[in-house]
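Visitor: Using numbering that gives the first Met the number 0, the first residue of the sequence shown is number 0, and each one after it goes up by one.
Where a beta carbon is used, it is the ideal one built from N, C-alpha and C, also for glycine.
Just so you know, these numbers come straight off a predicted model, no measurement behind them.
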Amino acid sequence: MKRIVMAGITGRTGKAVANVLRRLDDCQIVAAVGKNSAGRDIGELLGGKSNFRYIYPDVPSALEKTDADVYIDFTAPDAAQKNAVSAAKHGLDIIIGTTGLTKESVECIAELLREENRFGIIASNFSIGIAAMVKMGNILREYYGGEELQIIEKHHTSKRDCPSGTALYLQQQLDLTEDAIIAKRVAEKASYHEIKFAAKNENLSVSYEVTGREVFGEGVAYILRNMPNSGVYYDFLSFIEHIEKRK
Ligand SMILES: NC(=O)C1=CN([C@@H]2O[C@H](COP(=O)(O)OP(=O)(O)OC[C@H]3O[C@@H](n4cnc5c(N)ncnc54)[C@H](OP(=O)(O)O)[C@@H]3O)[C@@H](O)[C@H]2O)C=CC1
Ligand SMILES: O=C(O)C1=N[C@H](C(=O)O)C[C@H](O)C1
């Protein structure tokens, strides 16, 4: 049984992820961390009865009251950095989905995980769709080169970071410049990414749209099911490939 502390459980993504995880037999959310929601009951928050599991203002106070193995974060960059460092120092494995962390923050968390010999994944997208899209984007690059490739992303207007973590990830994977990214904020979009080859006489696109955030919960569930004892991963595709090669 994996005992989870989750930060961001009141948010758009955290709530959807928690709703996927609570249906699993082999893991349990034993505590959560939130800034404005400390004190709330997790069971009630997720639309059920009180389960006497609560949201705490920070990781140390959550761990004072509960034993946990894994820390999951879908919050905001500074909160993610602070709480993940604290969780790693307490010997927890870490799954960070929060985007917008600086390279230095990511490396600081990764270094700590290595020192503690813990497992960690810090990745901007936990959907299989984006993992597959990297592969497809690489095919486009192989056939057409990078010159005329664009990455288009559309997200909801409340999203804090721009471009999205995923767009930046795709840009790096395809070895493009940041100018290749076109970011749009559209009220109704949950998450849309497209890799587009556009030339004078032809267009070819690969696109992926998430219409329900539970998709990210399925990705987190896959990580929890297959988590090794240690090792740090910076994207979901590398993790999937590592795990599937071992099977
Ligand atoms: N890797 C992936 O697959 C995905 C990543 N994301 C990323 O997840 C992050 C969250 O997105 P979204 O769900 O839309 O955000 P929301 O704004 O809907 O939710 C943010 C959550 O973070 C919590 N929070 C904010 N500040 C703190 C803090 N200082 N300490 C603890 N908790 C805090 C809030 O809780 P409270 O108000 O109680 O403090 C809230 O629950 C973003 O970075 C987004 O890009 C999103 C989807 C998929
Ligand atoms: O904020 C979001 O919504 C999302 N954020 C991640 C990102 O920045 O790429 C992942 C997904 O696109 C949804």
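In three-state terms, what does DSSP make of GLU193?
Guide: Residue 193 sits at position 194 when you count from the first residue of the sequence shown. If DSSP states are grouped into helix, strand and coil, GLU193 belongs with the strands.
Visitor: If you draw a straight line from the alpha carbon of HIS192 to that of ASP174, how long is it in whole angstroms?
Guide: Within the sequence shown, numbered from 1, the residue matching residue 192 stands at position 193. Within the sequence shown, numbered from 1, the residue matching residue 174 stands at position 175. So the alpha carbons of these two residues sit roughly 17 Å apart.
Visitor: Name the one or two DSSP bridge partners that ARG184 has.
Guide: Start at 1 with the first residue of the sequence shown, and residue 184 comes out as number 185. Looking at the DSSP assignment, ARG184 forms a beta bridge with HIS154.
Visitor: Rounded to a whole number of angstroms, what is the C-alpha to C-alpha distance between LEU112 and GLY119?
Guide: For this step, residue 112 is matched to residue 113 along the sequence shown. For this step, residue 119 is matched to residue 120 along the sequence shown. Roughly 7 Å separates the two Cα atoms.
Visitor: What are the uninterrupted segments assigned as beta strand (DSSP E) that are 3 or more residues long and contained completely in the segment 45-87, given in chain order?
Guide: Runs of the beta strand (DSSP E) inside the segment 45-87: 69-72.
Visitor: What separation, rounded to the nearest whole angstrom, lies between the Cα atoms of GLN171 and MET132?
Guide: Walking along the sequence shown from the start, residue 171 turns up at place 172. Walking along the sequence shown from the start, residue 132 turns up at place 133. Roughly 13 Å separates the two Cα atoms.
Visitor: Measuring from the CB of SER237, is there a heavy atom of ligand 2 at a distance below 8 Å?
Guide: To locate residue 237, count along the sequence shown from 1; it is residue 238. The answer is no for SER237.
Visitor: Taking 8 Å as the cut-off, does the segment 26-41 touch the segment 59-69 (at least 3 CB pairs, one atom from each stretch)?
Guide: yes
Visitor: Could you compute how far the alpha carbon of ILE222 sits from the alpha carbon of LEU45?
Guide: Against the sequence shown, residue 222 aligns to sequence position 223. Against the sequence shown, residue 45 aligns to sequence position 46. In this structure, the alpha-carbon of ILE222 lies about 22 Å from that of LEU45.
Visitor: So does GLY13 have its beta carbon nearer than 8 Å to some heavy atom of ligand 1?
Guide: Your numbering for residue 13 matches position 14 in the sequence shown. Yes, Cβ of GLY13 sits closer than 8 Å to a heavy atom of ligand 1.
Visitor: For GLU152, does the count of other Cβ atoms within 10 angstroms reach 16, so buried, or fall short, so exposed?
Guide: Position 153 of the sequence shown, counting from 1, holds the residue named residue 152. The C-beta of GLU152 has 16 or more other C-beta atoms within 10 Å across all chains shown, which makes the residue buried.
Visitor: Start and end of the beta strand (DSSP E) containing ARG113?
Guide: Residue 113 sits at position 114 when you count from the first residue of the sequence shown. Looking at the DSSP string, ARG113 is not in any beta strand (DSSP E); the run it does join, the alpha helix (DSSP H), is 102-114.
Visitor: When every heavy atom of ligand 1 is checked, does at least one fall within less than 8 Å of the C-beta of THR156?
Guide: Residue 156 sits at position 157 when you count from the first residue of the sequence shown. No, the Cβ of THR156 stays beyond 8 Å of every heavy atom of ligand 1.
Visitor: With 16 as the cutoff for other CB atoms within 10 Å, does TYR53 come out buried or exposed?
Guide: Residue 53 sits at position 54 when you count from the first residue of the sequence shown. Burial call: buried.
Visitor: Report the three-state DSSP secondary structure of ASP178 (helix, strand or coil).
Guide: In the sequence shown, the residue the question calls residue 178 occupies position 179. Here ASP178 sits in helix by DSSP.
Visitor: Quick check: is any heavy atom of ligand 2 less than 8 Å from the C-beta of THR101?
Guide: As a working note, residue 101 is residue 102 in the sequence shown. Checking every heavy atom of ligand 2 against the Cβ of THR101, none is found closer than 8 Å.
Visitor: Give the secondary structure of GLU141 by DSSP, where H, G and I count as helix, E and B as strand, and everything else as coil.
Guide: Taking the sequence shown and counting its residues from 1, one reaches residue 141 at position 142. Reduced to three states, the DSSP call for GLU141 is helix.
Visitor: Do ILE93 and ligand 4 come close, with the Cβ less than 8 Å from some heavy atom?
Guide: As far as ligands go, the structure on display features ligand 1 and ligand 2 and does not contain ligand 4.
Visitor: Quick check: does the Cβ of GLY136 come within less than 8 Å of any heavy atom belonging to ligand 1?
Guide: Locating residue 136 in the sequence shown gives position 137, where the first residue counts as 1. GLY136 Cβ: outside cutoff for every heavy atom of ligand 1.
Visitor: Can you tell me the Cα-Cα spacing of ARG184 and GLU208, whole angstroms?
Guide: Taking the sequence shown and counting its residues from 1, the one referred to as residue 184 is at position 185. Taking the sequence shown and counting its residues from 1, the one referred to as residue 208 is at position 209. When rounded, the distance between both Cα atoms is 14 Å.
Visitor: Any idea if TYR232 is buried or exposed, counting beta-carbon neighbours within 10 angstroms, 16 or more meaning buried?
Guide: Counted from its first residue, the sequence shown places residue 232 at position 233. Counting the other CB atoms within 10 Å of its CB gives TYR232 a total of 16 or more, which places it among the buried residues.
Visitor: How would you call HIS154, buried or exposed, if buried means at least 16 neighbouring beta carbons within 10 angstroms?
Guide: By one-based count along the sequence shown, residue 154 stands at place 155. HIS154 is buried by the Cβ-count criterion.
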